[in-house]
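First the structure, in the form of structure tokens, and then the observations on it.
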Amino acid sequence: ETFDKLVTMVNDFKQYFIAHDQPIYENPSPGNKAGGITTLEDKSLGCTQKAGSSKVVDVLRYGERLKTPGLNLLSAPGNDA
24 ETFDKLVTMV NDFKQYFIAH DQPIYENPSP GNKAGGITTL EDKSLGCTQK
74 AGSSKVVDVL RYGERLKTPG LNLLSAPGND A
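First residue of the sequence shown: 24, per my numbering; consecutive thereafter.
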């Protein structure tokens with residue numbers, strides 16, 4: 024179930040960008056670049072370091088409350104706005 028929610032989250036983001044004629048892989052953002060991140064791979068490595076070896080226990084929509092203690096992924100805007 025958690026895996027399916029994660030796949031849905033990723034696909035929803037892709038569809039959102041496609042529907043608004045935006046590049047899907049416009050990463051890293053200007054703020055990431057200012058912080059020294061130069062590639063999407065660098066950004067992804069930072070994400071995995073933050074998670075460590077924890078198991079993802081849930082995927083939440085923006086505004087949804089935590090239901091399970093542990094590593095939860097949040098579907099939310101992550102830009103510099």
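From the three backbone atoms N, C-alpha and C, an ideal C-beta is built for every residue, glycine too. These figures come from a predicted structure and were not determined experimentally.
Ends of the alpha helix (DSSP H) at Asp65?
Counting along the chain, the alpha helix (DSSP H) containing Asp65 begins and ends at Leu63 to Ala74.
Would you identify the three-state DSSP class for Asp35, choosing helix, strand or coil?
Correct three-state label for Asp35: helix.
Pair every Cβ in the segment 36-45 with every Cβ in the segment 53-62, then say whether three or more of these pairs are closer than 8 angstroms.
They do not touch, by the three-pair rule.
Start and end of the alpha helix (DSSP H) containing Ala99?
It is not in any alpha helix (DSSP H) - Ala99 carries neither H nor E in the DSSP assignment.
Taking Ser52 as the reference, which of Lys66, Tyr39, Leu97 and Phe26 has the closest Cα?
Selected option, being the one with the closest Cα: Lys66.
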